[in-house]
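Since the structure comes first, as C-alpha cells, the remarks are kept for the end.
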Amino acid sequence: MTTTPVPLDIAALLPDSTHLIAGEWVPAATKSTIDVLNPATGALLARVPRGTAEDVDQAVRAAEEALPAWRDTSPATRGDLLYRWAELVREHDDTINRLEAIEVGHPVGPSPIAARLTYLAGKADKIFGDTLPTRSPDVLGLTLREPYGVVGAIIPWNAPGPMTVFNTAAPIAAGNTVVLKPAEDAPLTALYLARLATQAGLPPGVLNVVTGYGAEAGAALPAHPGIRKMSFTGSPATGTAVMETCARNLIPLQLELGGKSPQIVLPDANLAQAVPAIVRSIIMNSGQVCAAGSRVLVHSSLHDRLVAELAEHFRAVRVGLWDQPVDMGPLINARQQQRVLDYLAIGREEGAEVVVGGGRLTGAPYDDGFFVEPTLFDRVTPDMRIAQEEIFGPVLSVLAYDDEEESVAIANGTRYGLTATIWTQDIGRAIRLARRVQAGQIAVNTVGDGGPDGSIGTPFGGYKHSGFGRSMGPDYLEDWTQVKALVINAG
Ligand code: NAD
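Following the numbering used here, the numbering of the sequence shown begins with 6 at its first residue and continues without gaps.
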C-alpha cells in the first residue's frame, strides 16, 4: 500500500462545473455548483453542478430517447462498446486510481475496475431465454429477456470507481439506459469514467450522470415516473427512504446498505496469515468500506496472543496524505470524522478497552484533514453499540468466544449480514461455519471480494439489513432484464 507522488490536473480531465446529460457536458439547470474538497487538506479540488429534480428530469428524458435504439442494438455491439470502454479505462488506469484516491482520500492502490468492465462486457451477448414445455407439439413457448428501460443508480462516496462500474455497465450491457447520481463528496471519478464511456462510443443518453445533493438530485431520481428500476448503495436510513419512494412508484430496487462483518478466528488459525489481513480489512479506505471486517471474534485460548499481534500491526499503520507512502488516509469529511470520534467515546463509555489509538490525529499534516487514529478495542461484548452498529471508520472490535456455537451466535447477532471471514486450517469446520453464518459472502483464510484474492465475478450483496440483490456474479446481467413469455400457436 505505497505510492509515488504524481500531480493530477483535474481541470484537464473534466470540463468545469458540468455533468453529463444526453452526451453533452452541461451545468446544473440552476447554474449552482458544489465544491468538492480534498479530504486530506480541505483544499478545493473541483466544482460540480448542484443538480436538482429539473436536471434529473432532463437526464431521464435523454435516457428515454436513447432507449429504443440502444435496446435494439445487437448484444454483441453493446459488448464491443463496453470492451472499448474497458480498454480506455485500462489505458487511463493510473489517472482513475489517483483521481479516486485524491477525492476519497485513500492511498493509491491497484484497481479491479477495468477487469470488472471486461467481465460485464463479455456477458452482454450471453443473456439467454428458455424454451418452455407446452401441451401441444404445435405450440412453441419461449421466454425473452428484455431490459427494464431507464434505470437509476445512486452511489456513495467510498468507492466511486467500482460502484460506477457495477451500477452502470451491467444495466447498459443488458440494453437499459442509465441515470447515475454519484455522491456529492466524491463525484469526480464517476464523471471521468462517464467521459471515457462517451469516448468509447457509447451513444448520447445511454449513460447520464447528474451530480448533486442527496435530498435534491438523489431524492428526485427514484421519484421520477420514467425510472423503471433503481439501485442504491449507502446508509440504511437513506436506503429506507429510497425504498419507500420505489414502493410508491412500484419499481424494483437493488439495495446495498453496509455491514458489521465478523472475522472469526478459530483456535488453529494461522495468525501470520490472518493478522495482516484483518488489519488491512479495517484500515483499507480508513474503514469506510461496507465489507470492512470490523469485528474480530476470537477463541478465548488465542485471545491474548491475537490482541498483542493486532496491536503491533495497528501501531505500525502509517497514516497520511494520499500521495505519500502511507497505509491509510483521512475520513471523507468533518461529519464522518465526528461520527467516528463519537463511536470512540461510546466504546469507552460502554466499557471497552482501547488498546491502540482512540482519538483524533493532530499536528502536521493532520490538522487540515479529517484524520482519526486506527483504533483497536478489546473486551468488547456483543451487546455494545460498537459491536452492533456500522462505524465506517478504522475501528476494530475484539470479542472473545468459548465454543463454535457462541461464535456463530455472535457472528449472526447483528442486523447486518454482508460478508464474513473464517480463519482456520480445518476446512471441515470452515465449511460447517460458512453454512451457518448469515452473510452474502463468506471468505475462508482471505478477506473475500474486497481483498487481493477476490475473484472478479464474485456475487456481492447482503443478508438481512445489509440489503438485497447481488452485484456481479454469473447472473448479474439477468437482474437488469425482465422476463417476457412468448407462446406461439403454429397449429
Ligand atoms: P447516504 O446514504 O446519505 O448517501 C449515499 C448516497 O445517497 C449519496 O449519493 C447521497 O447523495 C444519496 N442520498 C442522500 N440522501 C438521499 C435521499 N434522500 N434520496 C436519495 N438519495 C440520497 O450516506 P452518507 O451520509 O454519505 O454516509 C452515512 C453512513 O452511511 C456512513 O457512515 C456509513 O455507515 C453508511 N454508508 C454505507 C455505504 C455502503 O457502501 N454500504 C457507503 C457509504 C455510506
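Beta carbons: idealized from backbone N, C-alpha and C, even for Gly.
Predicted model only: the values in this text are computed from it and were never measured.
Less than 8 Å separating the beta-carbons of GLY352 and ILE391? yes
Does the beta carbon of THR243 fall short of 7 Å from some heavy atom of ligand 1? yes
Is DSSP giving HIS304 helix, strand or coil here? strand
Exposed or buried, THR486, counting other C-beta atoms within 10 Å across all chains shown (16 or more means buried)? buried
Whole-number beta carbon distance between VAL270 and LEU302, since they are thought to touch under 8 Å: 7 Å
For THR169, which residues of its own chain have a beta-carbon under 6 Å away from its beta-carbon, when the five flanking residues on both sides are left out? ALA195 and LEU198
With distance defined between alpha-carbon atoms, name the residue in CYS295, ALA274, ILE283 and PRO257 nearest to GLY263. CYS295
Paired residues, beta bridge with GLN259 - DSSP: SER236
Kindly confirm or deny that the region 84-100 and the region 250-264 touch, where touching means at least three C-beta pairs closer than 8 Å. no
Please go through the same chain and pick out, in chain order, the residues whose beta-carbon is closer than 6 Å to the beta-carbon of LEU188, but skip the five residues on each side of it. Here residue 188 turns out to be Ala, not Leu, going by the sequence shown. Contacts found: PRO161 and TRP162.
Let me make sure I understand the geometry here. Which of ALA33, ALA27 and LEU50 has the alpha-carbon closest to that of LEU18? LEU50
Close Cβ partners of ILE447 (< 6 Å) along its chain, the five nearest in sequence each way excluded: ALA425 and ALA439
Give the DSSP-derived three-state secondary structure of HIS111 in the structure shown. coil
Is the CB-CB distance between ILE337 and PHE375 below 8 Å? yes
Should VAL65 and ILE177 be called a contact, given that it needs their Cβ atoms to be closer than 8 Å? no
Can you tell me whether ARG83 is buried or exposed, with buried defined as 16 or more other CB within 10 angstroms of its CB? buried
ALA405: which of VAL345, GLY496, ARG310 and GLN63 sits nearest, CA to CA? ARG310
Beta-carbon contacts of ALA81 that lie in its chain and below 8 Å, excluding the five residues immediately before and after: ALA129 and ASP130
Buried versus exposed call for ILE492 [16 or more other C-beta atoms within 10 Å across all chains shown]: Note that residue 492 is Val in the sequence shown, not Ile. With fewer than 16 Cβ atoms within 10 Å of its Cβ, VAL492 is classed as exposed.
Does DSSP put GLY127 in a helix, a strand or coil? helix
For GLU395, count neighbouring Cβ atoms within 10 angstroms of its own Cβ and tell me buried if that reaches 16, exposed if not. buried
Closer than 7 Å to a non-hydrogen atom of ligand 1 - does that hold for the CB of ARG52? no
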